[in-house]
Amino acid sequence: MAVKKVQLICATANVGRGANDGVYYPAGLLTIANALQSEDVEAVVDDQHHSEIVIRNDADIVGIQTSSTLCHKNALEIAQAAKNAGKLVVLGGPHATALPGQILRNRPEIDFVIRGKGEQPLVELVHALEGKGSLGSVPSLSWRKKEQVVHNPGDSKVWRYDKYVPLPLETLSCGVGRYWEAYHKVINPQTDYSFLIFTHFVCGFRERRVGRIEPGNPFPVRSELTGEPKFCSFCALQDVAGPRLSKDILAELRAYLDTWNIPKGSRVALKCYGDNIGPQGKLVADLVRKIGGCAWWNDYHFSWTFYCQSSYLSKKLAEDLARIGTDCLFIGFDSINDEVQRLNALGTSRLTHNKAVELCKRHGIRIQAASVLGLIGENPDSLEENYQYYRGLLEEGVLERINSAILFIIPGTAAYEMLVGREVWIGNLDLLPTDKIREAWIKHFCPHVNLELLREYAEKIDDLSPGPHASMGYESSRFKSRKTF
Ligand code: B12
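Here it is in structure tokens:
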């Protein structure tokens, strides 16, 4: 078959929502769009956060992103609509990567799953469908060969983000302006434009705990000896590759400013979604130097937001982050209780949290605090400790927001593996019923609390948020009344 056009779709979560949902364009679909366009295949990116999804008549393939288990239900509905319209359907993204076998066994409407980074595999799938190669040689492809599900090996080539930037923002069917509007409305009205600028990939903490991660290979999330989590029990990161070069980061930014005619004097928010800037001190120091020598940097008012684990925020790093114009740090406090942090291998403590808060205050950096309730060992006292801590932070005036979440079990995490070890039936599912799974989790791993108590505290913590509100993995009453979204 000839493949002229691929429709790429970002499915929204159907359980609660994150404060940033719909605020940032889906980078992973845009890098894929870039790769397809380099092969003269047209690509269009539709984002369910901004428009109702309609399967396009002229699309030969429909590729759907299922970022998380919380988006999988919507992704499946879109897949069914695409199949009804006679399209070939490809699923990719972190959730699909974690459960390719389950998805292909349970969902006839899905033809292919691409695991991990999708640019080159999708290009090679297009070639194979056009008769210029075989399905068996497409890297990271999971597919049905007769009745058998086959998982092709991954690609051993190192993935490079720089190959796919600047991102082709013009392929976003809703227009990039919709994301700028969303940023302005939801996150910060003092902003004119916003761009996703990854400075690095991977979490150095996770790497330190599991060793260097090879592209295409699964890595251990639990200790073989004790069965305990090797790094944050709820983290499903699969990223490969490390820091980018400062010159490439600035060149990417310059390209957006030029392409989108961003006037001098504009307030431009830059978001790095790389996980944990903490271990990237060398990169940040280099950015300080490059920005210092950059002729156009002061023509705009740039403000950065990074994610940082509290245990990695040193004096020097905080100073350097402030020097490049960091306005906010997203800090996953997750839990405040030391024992809960230890049991969940978070690599932090109440002390490191306190130190990070002090450094942020000293450098005028606002904190986006993340809270996750229902971790291993959660109990009524630890819930109260969390709540009191966030109250304290609010009083100190250092918070930009609190992201309030109740743990939901994500395939590919230690939490998922531990639960499947106790409740084998869950291992066959590709669509995880959030609350039912959560009840099973609570029974085994935090039996001193119940879902009602977790909800109560999640709402109390969310109510403290002075900025945007989240309802991660549950629906708060605020979310239900839709007053603030
Ligand atoms: C940016 C981001 C977001 C953004 C944008 C998401 C988006 N649509 O792209 C926002 C804020 C909206 C977001 C929201 C959520 N996120 Co998020 N997010 C990330 C983050 C930090 C980076 C993703 C990214 O842009 N990476 C860079 C690009 C280049 O890579 P990529 O997106 O992974 O895409 C590549 C591959 O996955 C693959 N691929 C992706 N889609 C497709 C589709 C096809 C057809 C193919 C072939 C391949 C393919 O190819 C891409 C290119 O190489 C990741 C963590 C991480 N480091 O991966 C978490 C992460 C993806 N998010 C996660 C979660 C849980 C969520 C939420 C459910 C949270 C919530 N609100 O409750 C929501 C749901 C999103 C939604 N669609 O509604 C989890 C998913 C875990 C899981 N396995 O289920 C992650 C892994 C974080 C974690 N710590 O575990 N998120």
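So the mapping is simple: this note's numbering equals the position in the sequence shown, first residue as 1, plus 198. For glycine and all other residues, C-beta sits at the position ideal for the given N, C-alpha and C.
- What are the uninterrupted segments assigned as alpha helix (DSSP H) that are 4 or more residues long and contained completely in the stretch 407-451, given in chain order? none
- Item | As assigned by DSSP and simplified to three states, the class of A568 | strand
- Segment contact, 8 angstroms Cβ cut-off, at least three pairs: the stretch 295-306 with the stretch 607-614: yes
- Query: Is the distance from the Cβ of G140 to the Cβ of G402 below 8 angstroms?
  - Reply: Any answer about residue 140 is impossible in this case: the structure gives the chain only from 199 up to 683.
- Message: Let's see if you can read the secondary structure: which residues bound the alpha helix (DSSP H) around G479?
- Response: 479-490
- Counting only runs that start and end within the stretch 595-629, where is the alpha helix (DSSP H) found for 4 or more residues in a row? 612-620
- Task: Please look up how many angstroms separate the CB atoms of I251 and V287, rounded, as I've assumed it's under 8 angstroms.
- Result: I251 to V287, Cβ: 13 angstroms. No contact.
- Check whether the Cβ atoms of A568 and P427 sit closer than 8 angstroms, and answer yes or no. no
- Query: What's the C-alpha gap between Q478 and K514?
  - Reply: 12 angstroms
- Given 8 angstroms as the limit, is there contact between the stretch 525-535 and the stretch 559-578, that is, 3 or more CB pairs closer than that? yes
- Item | Three CB pairs or more closer than 8 angstroms across the stretch 623-634 and the stretch 552-564 | no
- Query: Would P224 be called buried (16 or more neighbouring beta carbons within 10 Å of its own) or exposed?
  - Reply: buried
- Message: Assuming L605 and V647 are in contact, meaning their beta carbons sit under 8 angstroms apart, how far apart are those beta carbons, in whole angstroms?
- Response: Not really, about 11 angstroms apart at Cβ, beyond 8 angstroms.
- Query: What are the boundary residues of the beta strand (DSSP E) that includes F528?
  - Reply: 524-532
- CB G352 to CB G291, shorter than 8 angstroms? no
- What separation, rounded to the nearest whole angstrom, lies between the Cα atoms of Y381 and K343? 45 angstroms
- Message: For Q246, which residues in the same chain have their Cβ closer than 8 angstroms to its Cβ, ignoring the five residues on either side in sequence?
- Response: I207, C208, A209, T210, N272, I276
- Message: Please identify the residue among E654, S547, E598, L274 whose C-alpha is closest to the C-alpha of L581.
- Response: E654
- Query: Over what stretch of residues does the alpha helix (DSSP H) that includes A296 continue unbroken?
  - Reply: 292-296
- From the DSSP output, read off the bridge partner residues of I259. V204, L286
- Message: For P609 and D309, I'd like the C-alpha separation in whole angstroms.
- Response: 21 angstroms
- Task: Could you tell me whether the stretch 334-349 touches the stretch 215-229, where touching means 3 or more Cβ pairs closer than 8 angstroms?
- Result: no
- Quick one: using the 10 Å Cβ neighbour count with 16 as the cut-off for buried, is L598 buried or exposed? Residue 598 is actually Glu in this sequence, not Leu. Buried.
- For K559, which residues of its own chain have a beta-carbon under 8 angstroms away from its beta-carbon, when the five flanking residues on both sides are left out? E594, V596
- Message: Taking the alpha-carbon of V684 as reference, which of I253, Y672, L228, Q300 has the nearest alpha-carbon?
- Response: No information on residue 684 is available, as it lies outside the stretch 199 to 683 that the chain covers here.
- Query: Do three or more CB pairs link the stretch 386-400 to the stretch 264-271 at distances below 8 angstroms?
  - Reply: no
- Message: Please determine whether the Cβ atom of C506 lies at a distance below 7 angstroms from any heavy atom of the ligand B12.
- Response: no
- Determine the direct distance from the alpha carbon of L323 to that of G744, and round the result to whole angstroms. Outside the displayed range of the chain (199 to 683) lies residue 744, so it cannot be described from this structure.
- Message: Going by C-alpha to C-alpha distance, which of S354, M199, E240 sits closest to G329?
- Response: M199
- Helix or strand or just coil, what does DSSP make of V374? helix
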